[in-house]
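Position 41, counted from 1, in the sequence shown is what this note's numbering calls 912; the numbers after and before it change by one each time, with no gaps. No residue lacks a Cβ here, since even glycine has one placed at the ideal position from N, Cα and C.
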Amino acid sequence: MDPVKEQKCAACGGPLRFDPETGKLVCDYCGSVFEIGAQAAAQEQDSTLEGYDFAALSAHAASTSAEGLPIYNCVSCGAEVIAPPQEMALTCPYCGNNIVLTEKASGNLRPDGLIPFRITAKELPGLMKEFYKGKKLLPKNFFSESRMEKVTGVYLPFWVFSGRISGNLKFHGEHSSSRRSGDYIVTETENYLVGRDVSMNFRDLPVDASGRVADELTDSLEPFRMEDEKPFDMQYLAGFTADRFDMARDDVAERARDRMNNSATALARSQVSSEYSSVRSLGGKLKADLSARYLLFPVYLFQLAHGKNNYSFAVNGQTGKVVGSVPTDKKVSWQYFLIRAGIGLAAVLLLCFVLYLMGR
Ligand SMILES: [Zn+2]
Ligand SMILES: [Zn+2]
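Take a look at the structure:
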């Protein structure tokens, strides 16, 4: 297979990109629109079908840069493009063509599926405005004075686990009851060793498979709605960046198992708690029977530059959920404190005055 594949419009040769609004491939040069999957069907017949141009695809052996990074040749302009090892889709910085590095998206590395972008980059300013609404401690005009920089739409890799956790958990349960006997209160405590069989099914628990973005950030971007999942097709990547996983399934399975074990233990504990006055967990054995799918989820990453500072943000490319830090204006938060302190003081004075009137 060619190491490089570009997404090109056959009508005019312009770059194709996946359009989140319509869910189709569009050419911004001539306005042509193509259905996802049409090209894949054409490819099997190995012909230059109407609408798509395969003749332009030619293999270029990848060489290596001084830093040991692989170099790819852009099929359109011939420029040498250095790609970080985890990147599998990118835009040629010279001619703007959208390139998929097929060797990183095939064989074992081929994702099982993805959730396509639904949010367009144009919607980001509006989402940010909404995000900042009601945040009182924000510096004045913060948003209007900031610039959005380094906006990238990137498909991030996730391992999505499903399966069953089962086993037996042990708890120490206590029953106590009190009764009066003459001048004494007698408390009786009964102790029980409680065993609980646990069996819980889990579906679609995502675990971040990329070292590029912090786990806390990707966790906050959840949930992704799995009903939008599509079988993997390189055409969804056109116009976006995509990372392949750099943490293997087994590297992150522990994290998935821990999350499932905790849920199963919490559920069993709450069931036992309803029957005893106090409950202590004694551990136990849980067996996990898990399978994982390799999926790509859509995320926008960008920075807000304000004065000398940069603030990092991420937006869920499916739901529009915004995650990021909000700067606080020290002056504004001081004013806010004074106003609240002032209201408190006024209330105290009013109360004193009322008490004074009542005392007269
Ligand atoms: Zn075109
Ligand atoms: Zn190029």
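Cβ-Cβ distance between residue i and residue j below 8 angstroms
i: N944; j: E877; result: no
i: H1177; j: S1017; result: yes
i: G1191; j: E1020; result: no
i: R888; j: G1110; result: yes
i: V1078; j: V1123; result: yes
i: C963; j: A950; result: yes
i: G1066; j: V1150; result: no
i: F1002; j: V1193; result: yes
i: S1162; j: Q1174; result: no
i: V971; j: M959; result: yes
i: K1237; j: L1172; result: Outside the shown range of the chain, which is 872 to 1231, sits residue 1237, and nothing can be said about it.
i: S1049; j: S1148; result: no
i: R1083; j: Q957; result: yes
i: G1155; j: N1039; result: yes
i: T991; j: E892; result: yes
i: R1128; j: A1159; result: yes
i: Q1106; j: L961; result: no
Identity of the residues DSSP links to residue i by a beta bridge
i: G1155; result: L1040
i: R1050; result: V1057
i: I843; result: Because the chain in this structure spans residues 872 to 1231, residue 843 falls outside the shown range and cannot be described.
i: L972; result: V875
i: L1169; result: The amino acid occupying residue 1169 in the given sequence is Pro; Leu does not appear at that position. In the DSSP output, where bridge partners are listed per residue, P1169 has Y1026.
i: Q1174; result: E1020 and S1183
i: M959; result: According to DSSP, which records beta bridges pairwise, M959 is partnered with nothing at all.
i: N1072; result: R1035
i: L896; result: F889 and F905
i: L1220; result: In the DSSP output, where bridge partners are listed per residue, L1220 has none listed.
i: V1194; result: A1185
i: R1164; result: V1031
i: V1225; result: Looking at the DSSP assignment, V1225 forms no beta bridge with any residue, so it has no partner.
i: N1062; result: E1045
i: K985; result: The question names Lys, but residue 985 is Leu in the sequence shown. Paired residues: K1101 and L1167.
i: R1067; result: L1040
Cβ separation of residue i and residue j, assumed to be a contact under 8 angstroms, to the nearest whole Å
i: M999; j: L1076; result: The pair is not a contact, with the Cβ atoms about 29 angstroms apart (cut-off 8 angstroms).
i: A1135; j: L1157; result: 6 angstroms
i: S1033; j: R989; result: Wrong, their Cβ atoms sit about 23 angstroms apart, outside the cutoff.
i: L1088; j: A1185; result: 6 angstroms
i: D1104; j: G908; result: 6 angstroms
i: P886; j: G967; result: 6 angstroms
i: A882; j: C901; result: 5 angstroms
Exercise. Is the number of C-beta pairs between the region 979 to 991 and the region 1167 to 1174 that are closer than 8 angstroms three or more?
Worked result: yes
Exercise. Any chance the region 1100 to 1116 sits against the region 972 to 979, with 3 or more Cβ pairs inside 8 angstroms?
Worked result: yes
Problem set entry | Entirely enclosed beta strand (DSSP E) segments - the region 1075 to 1159, minimum 3 residues | Runs of the beta strand (DSSP E) spanning 3 or more residues and lying entirely within the region 1075 to 1159 occur at 1112 to 1114, in chain order.
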